[in-house]
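Trainee: The structure under discussion is supplied below as structure tokens; questions concerning it will follow.
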Amino acid sequence: EQIDGRVKASLRSREPVDVATIAEKFGGGGHKQASGAMLAGPVNEACARLLKEFERAFESGNAS
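Counting the sequence shown from 1 gives a position; my numbering is that position plus 13.
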């Protein structure tokens, strides 16, 4: 967690998972297998929001 209350999220994956699309949903970006974003709120809330996005991606088949 940063001093300003934001949380730095570094996302890494292996083929075929594309973490760039998830990072973009939080205003971040990067490459398919290495991306990042800054999320508002405490760490536990930021992690919960990230996990929800990963779950949505896998459930919808859009993890790649």
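Cβ atoms here follow ideal geometry from the backbone N, Cα and C, with glycine treated the same way.
#1: Can you list, in chain order, the residues of its chain whose CB lies under 7 Å from that of Ser23, leaving out five sequence neighbours each side?
#2: Would you mind working out which of Gly42, Pro29, Glu58 and Lys45 sits nearest Arg19, comparing C-alpha positions?
#3: For Gly40, tell me which candidate among Lys21, Arg27, Ala70 and Lys65 has the shortest Cα-Cα distance.
#4: Does Leu63 pass the burial test, meaning 16 or more other C-beta atoms within 10 Å, or should it be called exposed?
#5: Can the beta-carbon of Arg25 be found closer than 8 Å to that of Ala61?
Mentor: Let's see:
#1: Spatial neighbours of Ser23 in its own chain (CB-CB distance under 7 Å, excluding positions within 5 residues in sequence) are listed in chain order as Gly49.
#2: Among Gly42, Pro29, Glu58 and Lys45, the Cα nearest to that of Arg19 belongs to Glu58.
#3: Ranking Lys21, Arg27, Ala70 and Lys65 by Cα distance to Gly40 puts Lys21 first.
#4: Buried, by the Cβ-count rule.
#5: Going by beta carbons, Arg25 and Ala61 fall outside the 8 Å limit.
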